[in-house]
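Single-structure report; data block below.
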Amino acid sequence: LVKCIMGYYRPDGGEILLDRQQVTIRSPRDAQTFGIGMVYQQFTLIPNMTVLENLVISKARLNPVINWKEEQDQLTQFMAQMPFQVPLTALVSSLAAGEKQKVEILKQLALRNRILILDEPTSVLTPHEADEVLGHLRAMTLAQQLSVLIITHKLREVAAFADEVTVLRKGQFAGSGKVSEMKISQMAEMMVGSEITAKPKQRIENSTKTPKLLLRNIRVNDDIGVEVVRGVHLTIHEGEIVGVAGVSGNGQRELVEVLAGQRPATGGTIHVHDELYRPTRDNILRYKMFCLPEEPLQNTCVGRMSVAENLAFRNFDMEPHAVGGWLMNRPALRRSAHGLIERYNIKPPYPDTPIQSLSGGNVQRAVLARELSAEVKILVVANPCFGLDFLATEEIRLQIVAARNRGTAVLLVSEDLDEILELADRVVVMFNGQLVYETTSSGADLALIGRHMTGHGT
């Protein structure tokens, strides 16, 4: 729907009215001409360029010769008015997902469009950051500077910041109304089509407390050689979820990449079941330690390959997917994919669809299906519910707790503090590459956690 508004797709019927006049939007350039901008669920930044360069080239018109000093001065003044900061000289490739999301929002605000569409804009922001961003946008709308359309599954944000809400379900209108006249439970009911109640995530207490994953003095450098993980010590036990809370960009992404084998550690050791662990494919399968980093389409998928092929990455050379360890059995591959697609409600339900054509939420579903469908002893997940709808989020969170109840040791890295407090047994806070605070989720003090997340814990 929003891609029709932005000119990527042409609608087959209906009309778009702007200022009560029918308009035709044939391309994103047309949308920009009409003053419409959008922050997409998947990032549109150029990774090997700086934040400054990305903001400058997004302008509708550029001089043949760019005065970079003048552009930087103007953007520095603009950034000073924003509720959050991102270094203009930083390479986009060095930024964590939350920081990239901030740049996407800053880019659209810098263009001074009069209509702004945001697709899940706060999914990788902390609650405090989300409130700052949405509060700033709310203030702009009240000042008649901007009109905002937000696509979100976070009903708390709808209740706190929106004037009106419209619910779509399976591509059709399901209801609408003024937020001030609706309860959150009514919105949720419209979203799923029936009265819903969050299922209790029953926890089976594990008395053995056997250590499964031990991190000892882990140190990691970022892409330009700066140390971003500085001496992390952490033990995760069988049947335990440990949640890592923190503002995006404090080393969480790099820590997960080390555990996934996507980045080398510069120091320290990883032990699994008291044995030294290196994240090779053989060890991953031997110890059944699976990782799901953030941005799954980029980090754990091959976009041009089919959903079925991506679902089989763990076992494509094993029975029944391969005969003799080398000849791929494509009918068996599709049968397995059909089962996972149905079980995890992946849309569209076609195994041969290139995975890059799926929505962000369905890519996440597919990757989670691959990682959770087999026996898992240790599970490392980063922002597992990013982009998922209300019902899918509940399903995934139930599955994570179910894995914990089966004895899986779970490391949950998330910028969604509510998610961590709901799922985790223990909460640790990561700031400036170090674990600076630890508490049980039952005894968590939100204000204290927030202070530690921003480096003001003492």
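Position one of the sequence shown corresponds to residue 15 (the working numbering), numbered consecutively onward. Using N, Cα and C, we set each Cβ at its ideal position, and we do this for glycine too. Please read all numbers here as calculations on a predicted model, not as lab measurements.
Item	Value
Can you list, in chain order, the residues of its chain with a C-beta nearer than 7 Å to that of Phe404? Leave out the 5 residues immediately preceding and following it.	His167, Ala202, Met205, Val206
Spell out the partners DSSP gives Ile50 in its beta bridges.	Ile129
Do you know whose CA, among Gly281, Leu148, Ile129, lies nearest Lys116's CA?	Leu148
Can you tell me whether DSSP reads Met303 as helix, strand or coil?	strand
With contact counted as at least three CB pairs below 8 Å, one residue from each stretch, are the stretch 425–434 and the stretch 262–270 in contact?	yes
Please report the straight-line C-alpha distance between Ser190 and His470, rounded to a whole angstrom.	42 Å
Would you please state the rounded distance, in angstroms, between the beta carbons of Leu437 and Ile255? I believe it to be under 8 Å.	5 Å
Could you pull out every residue in the same chain whose Cβ sits closer than 6 Å to the Cβ of Gly257, ignoring the five residues on either side in sequence?	Leu426, Ile434, Ala438, Val441
Under DSSP, the alpha helix (DSSP H) around His466 begins and ends at which residues?	460–467
Per DSSP, what are the beta-bridge partners of Tyr358 in this structure?	According to DSSP, Tyr358 bridges with nothing at all.
Would you please state the rounded distance, in angstroms, between the beta carbons of Asp304 and Leu393? I believe it to be under 8 Å.	Per the sequence shown, the amino acid found at residue 304 is Phe instead of Asp. Sure, about 6 Å apart at Cβ, within 8 Å.
Using C-beta distances below 7 Å, list every residue in its chain close to Gly260, excluding the 5 sequence neighbours before and after it, in chain order.	Gln266, Val443, Met444, Phe445, Met467
Using a 10 Å radius around the Cβ and a threshold of 16 neighbouring Cβ atoms, would you call Asn81 buried or exposed?	exposed
Check whether the stretch 58–69 and the stretch 30–46 touch, using three or more Cβ-Cβ pairs below 8 Å as the test.	no
Rounded C-beta distance between Val181 and Ala188? I'm assuming under 8 Å.	4 Å
Within 10 angstroms of the Cβ of Gln91, are there 16 or more other Cβ atoms? Answer buried if so, exposed if not.	exposed
May I ask which residues mark the beginning and end of the alpha helix (DSSP H) holding Glu178?	Glu178 -> not in any alpha helix (DSSP H); beta strand (DSSP E) instead, spanning 178–183.
Which ranges does the beta strand (DSSP E) cover as unbroken runs of at least 3 residues, wholly within the stretch 87–137, from first to last along the chain?	129–133
Could I get the ranges of all uninterrupted alpha helix (DSSP H) runs contained in the stretch 198–286, with 4 residues as the minimum, in chain order?	198–206, 266–274
What's the gap between the Cα of Leu123 and the Cα of Glu146?	14 Å
Is the Cβ-Cβ distance between Arg318 and Pro368 less than 7 Å?	yes
Got a sec? Which residues, its chain only, sit under 8 Å from Val193 by beta carbon, not counting five neighbours each side?	Val172, Ala173, Ala176, Asp177, Glu178, Val179
To the nearest angstrom, how far is it from the Cα of Val162 to the Cα of Pro334?	50 Å
Indicate whether Arg40 and Gly27 have their beta-carbon atoms separated by less than 7 Å.	no
So, using beta-carbon positions, are Gly49 and Arg128 closer together than 7 Å?	yes
If you drop the 5 nearest sequence neighbours on each side, which residues of the same chain put their C-beta closer than 6 Å to that of Leu125?	Gly51
Would you decide whether Ile238 is buried or exposed? Buried here means 16 or more other CB atoms lie within 10 Å of its CB.	exposed
Give the DSSP bridge partners of Pro368, in chain order.	Ser320
Return the bridge partner residues of Gly189 from the DSSP annotation.	Val181
Do you know offhand how far Ala383's Cα is from Met93's?	40 Å
Return yes when the Cβ of Pro310 is within less than 7 Å of the Cβ of Val395, no when it is not.	no
Assuming Tyr301 and Lys197 form a contact by the criterion Cβ under 8 Å, report the distance between their Cβ atoms to the nearest whole angstrom.	Tyr301 to Lys197, Cβ: 47 Å. No contact.
For the stretch 391–465, which segments carrying the alpha helix (DSSP H) assignment without a break, of at least 4 residues, lie completely within its bounds, in sequence order?	404–419, 431–437
According to DSSP, is Val16 helix, strand or coil?	helix
With DSSP as the reference, label Glu29 as helix, strand or coil.	coil
How far does the beta strand (DSSP E) with Ile164 in it extend, from its first residue to its last?	161–165
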